[in-house]
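Below: the structure, in structure tokens.
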Ligand code: NDP
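Numbering (the UniProt record's numbering), first residue to last: 1 to 274.
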């Protein structure tokens, strides 16, 4: 019998996860169903209880429930614990396992799909919210020269730099800065702010970019974001968050089913649709 999975969020109608996981299942010959699940804003825990009772095997978690999912999980992966956020749940043996595949998905997209190694690179992360937190440990594991975190609220960037500095190889490998003090250029710049959702540009200076910069916006849309346009105008190669979305889904699928789907063809097909 087909095993049940879903993606939980509020809102959820826009989610492309059912399309992605259905394609993965067909490709790998796995017998699963995958649907959207709208949870009430104040009813996440009850929704999870219901899914477990109904025999679901796992779920992806999206806005605004990633922090609650980390609290609800009975077992956390190292990367989910470091991020303080969970985007993938697996229900097995009476436990709720929580993982965070957003950061690994981002790294897979940069390294595998864009063909850009992060080793010894200067990486700038704009933003210090959940998505930035999830990205830091997986990026650090690629052994970059440095990671500089810039955030509108400076104190949040300082606290992330302090926390993730504990996982660094060198004292100054992870550091925080204000937007006004960004000193570039950087090899890789990741926009992990939610500014693009409001069609706004985070106040990153043009000097952060060069013709050798890869500028990635975690947001995906059917046209380039304001950040991508700005980066491109200043010589950078740009990328949106669709590859990250597909790669984080592949990581989640591998966790649930023990087989990692191939992502290249799906990503190409999704890009040609949008
Ligand atoms: P959060 O709400 O947790 O964090 C938002 C961050 O953006 C904060 O650092 C905030 O700064 C900053 N910010 C918001 N508006 C502005 C602005 N106008 N100028 C500068 N900084 C701003 O969001 P998430 O971390 O969950 O998500 C961030 C982005 O990543 C979203 O666009 C989301 O869609 C995308 N994402 C994409 C994924 C994918 O698979 N492609 C997966 C996960 C996220 P402050 O602290 O000062 O408020």
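Positions of the beta carbon are idealized from the N, C-alpha and C atoms, including for glycine.
For residue 86 against residue 70, the beta-carbon gap comes to about 4 Å, under 8 Å, which counts as contact. For residue 5, the pairing in a beta bridge is given by DSSP as 34 and 58. Within the stretch 102-146, the complete beta strand (DSSP E) segments of 3 residues or longer fall at 122-126, listed in chain order. Short of 7 Å from the beta carbon of residue 156, and not among the five residues preceding or following it, lie these beta carbons of its own chain, in chain order: 128. Closer than 7 Å to some heavy atom of the ligand NDP: that does not describe the Cβ of residue 169.
Its Cα nearest to that of residue 145, the residue 187 stands out among 234, 243, 187 and 235.
The beta carbon of residue 251 sits no closer than 7 Å to any heavy atom of the ligand NDP.
Residue pairing for residue 95: DSSP places it in a beta bridge opposite 92.
Counting every other CB atom within 10 Å of its CB across the protein chains shown gives residue 161 a total of 16 or more, marking it as buried.
DSSP places residue 217 in the uninterrupted beta strand (DSSP E) bounded by 214-217.
Collapsing the DSSP output to three states places residue 176 in a strand.
As far as DSSP is concerned, residue 87 takes part in no beta bridge. Residue environment: residue 247 is assigned as buried (16 or more neighbouring CB atoms within 10 Å of its CB, all protein chains considered).
The beta carbon of residue 253 lies closer than 6 Å to those of 24 and 261 in the same chain, with the five residues before and after it left out. Residue 239 carries a strand assignment under DSSP once its states are collapsed to helix, strand and coil. Here the alpha carbon of residue 177 sits roughly 15 Å from the alpha carbon of residue 192. At a Cβ-Cβ threshold of 8 Å, residue 182 and residue 209 do not count as neighbours.
Residue 201 carries a coil assignment under DSSP once its states are collapsed to helix, strand and coil. Annotation for residue 190: no alpha helix (DSSP H) segment contains it, though the beta strand (DSSP E) segment containing it runs 188-191.
For residue 130, the distance from the CB to the nearest heavy atom of the ligand NDP is below 7 Å. Put simply, the backbone Cα of residue 179 is about 26 Å away from that of residue 104.
For residue 166, no alpha helix (DSSP H) run applies, since DSSP gives it neither H nor E. A Cβ-Cβ distance of about 5 Å is found for the pair residue 97 and residue 75, placing them in contact under the 8 Å criterion.
Going by beta carbons, residue 80 and residue 60 fall outside the 8 Å limit.
In the displayed model, residue 41 falls within coil according to three-state DSSP, outside both helix and strand. Separation of residue 236 and residue 149 (C-alpha to C-alpha, rounded to the nearest whole angstrom) is 19 Å. When the beta-carbon positions are compared, residue 20 and residue 38 stay at least 8 Å from each other. Residue 49 and residue 42 have their alpha carbons spaced roughly 14 Å apart.
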